[in-house]
């Protein structure tokens, strides 16, 4: 998570996550309709098929998308504070679009790649008990045929869009101390396109098979259709939805913060900011594969330091460094039992300590004209690995895999301000309009979400 509250001066410049559906806690540790032994057998034999991707990581990307891709235009700020007695209200609207992500090596790939899967007979037997009898029939005709056959490939295309609105109010208690609050509201949509295609090995086996076993092979193929997989996810594994699109609207996590300017001597200005994020937004639903979380489910504490250097009257630089402590919480999770596959019958109530976050950034601000302002910012974000415990002895190591992340991004801003006109008594109501674009150009275990938006500010 990022603490996103910003309190810049009225004449300063500002430089962008949602979790929210009704959450239903699961039993302390529960298994769905299929037996755990069958799933573990498929895991131990490594018979998910020839293609085993980390869709647990893809689920993580969707869960954290709102928290890492929107709101930076509000919180990436400078060392300035509001003058005593001055209020500032702001609205920031943003559109975030993502189809790709950075994997653990920094390579870019499609979100859908992480859910694509080659389905073998052992894995399918673990999900659908009626397939076991078909496997026996195949082995009776040709020993080993039923055990080692890759049946179909499930291919996925995923596109996630987020429209976020953030409402901000700030107040200058003194010339050096400002306080503020941010309330996010978001709408997110995950468009999912899934298709199933028989493998070349299966087609070869079908063509060469005696007529007596062809019906069994065709029954296996039908069991790997998208419709059949969706039915199995609901009926056999207890998911609320299958390989299907999702949309939702709700509140994000409320943020409260304060900034204190402890050094103000030209050309330098230094400030310290602290804030808390409250878990008011919807968290990830473990029974939905493609929902987007609007909050992170626990309290977070953030501490940031800012340094401004005014090189010229219309050119200054800002540097930011911060640390966010993500506090522990308890929630319900789907616990993977097959390496790299998050689809699982195991639901457990676990203690979760999200990894803390280190951030730093530098921004150049330039006012080319009296009422025009522009800025470019580089931001680096490092999140450490999560920790899970509990679940009555269930192994949680797969949940922590790839929960550490890095992100390098650039934010470009251009805007209009009439504050110089207000100071010259040529206008009465102070207003600012900023347009921004956020571009993640490198990272690990993070989305490649691009964000465009607008921010409106007024002072009174």
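In the numbering used here, the protein residues as written are 2 to 461.
Glycine included, C-beta positions come from ideal geometry on N, C-alpha and C.
Relative to residue 351, the option among 390, 182, 324 and 151 whose CA is nearest is 390. Listed in chain order, the non-local C-beta contacts of residue 125 below 8 Å within the same chain comprise 132, 152, 221, 224 and 225, local neighbours out to five positions each way being set aside. Residue 335 is positioned such that its CB atom lies closer than 9 Å to that of residue 345. Taken in chain order, the complete alpha helix (DSSP H) segments of 4 or more residues contained in the segment 143-168 number zero; there are none. Taking 3 residues as the minimum length, the beta strand (DSSP E) runs contained wholly in the segment 159-227 are 178-199, in order along the chain. By the Cβ-count criterion, residue 321 is buried, with 16 or more other Cβ atoms from all chains shown falling within 10 Å of its own Cβ. For the pair of segments examined, the segment 137-157 was found not to touch the segment 171-178: the number of CB pairs separated by less than 8 Å stays below three. A residue is called buried once 16 or more other Cβ atoms fall within 10 Å of its Cβ, and residue 283 is buried on that count. Rounded to the nearest whole angstrom, the C-alpha separation of residue 213 and residue 158 is 37 Å. Looking only at 438, 201 and 274, the smallest Cα-Cα distance to residue 94 is reached by 438. Residue 436 and residue 421 have their C-alpha atoms spaced approximately 19 Å apart. Per DSSP, reduced to three states, the secondary structure at residue 400 is helical. Per DSSP, residue 421 is one residue of the alpha helix (DSSP H) stretching across 420-424.
Each residue's CA atom was taken as its position, placing residue 423 and residue 171 some 20 Å apart. Here residue 302 is bridged, per DSSP, to 277 and 326.
Rounded to whole angstroms, residue 413 and residue 329 show a C-alpha spacing of 35 Å. Looking at the backbone, the Cα of residue 105 and that of residue 404 are separated by about 10 Å.
The beta carbons of residue 402 and residue 380 sit no closer together than 9 Å. Where residue 249 is concerned, the enclosing beta strand (DSSP E) starts and stops at 247-252. For residue 300, the CB contacts under 6 Å within the same chain, skipping 5 residues up- and downstream, are 328 in chain order. Pairing residue 416 with residue 123, the inter-Cα distance amounts to about 59 Å.
Taken through DSSP and simplified to helix, strand or coil, residue 333 comes out as strand. Residue pairing by DSSP puts residue 363 in a beta bridge opposite 320 and 379. The C-alpha of residue 386 lies about 19 Å from the C-alpha of residue 392. Closest by C-alpha distance to residue 406, out of 290, 445, 261 and 139, is 445. Taking every protein chain shown into account, the CB of residue 433 has 16 or more other CB atoms within 10 angstroms, so this residue is buried. Residue range 432-445 is occupied by the beta strand (DSSP E) that includes residue 435. Here DSSP, grouped into helix, strand and coil, assigns residue 236 to helix.
Excluding the 5 residues flanking it on each side, residue 243 has same chain C-beta neighbours closer than 7 Å at 230, 231, 234 and 235, in chain order. For residue 82, no beta strand (DSSP E) segment is defined, and its DSSP state is neither H nor E. Considering only 373, 338, 246 and 265, the residue with the shortest C-alpha distance to residue 315 is 373.
The criterion of a C-beta distance shorter than 9 Å is satisfied by residue 297 and residue 355. Per DSSP, residue 353 is one residue of the beta strand (DSSP E) stretching across 347-354. For the pair residue 426 and residue 307, the Cα-to-Cα distance works out to about 32 Å. A distance of 9 Å or more separates the beta carbons of residue 102 and residue 366. Counting the other Cβ atoms within 10 Å of the Cβ of residue 376 gives 16 or more, which makes it buried.
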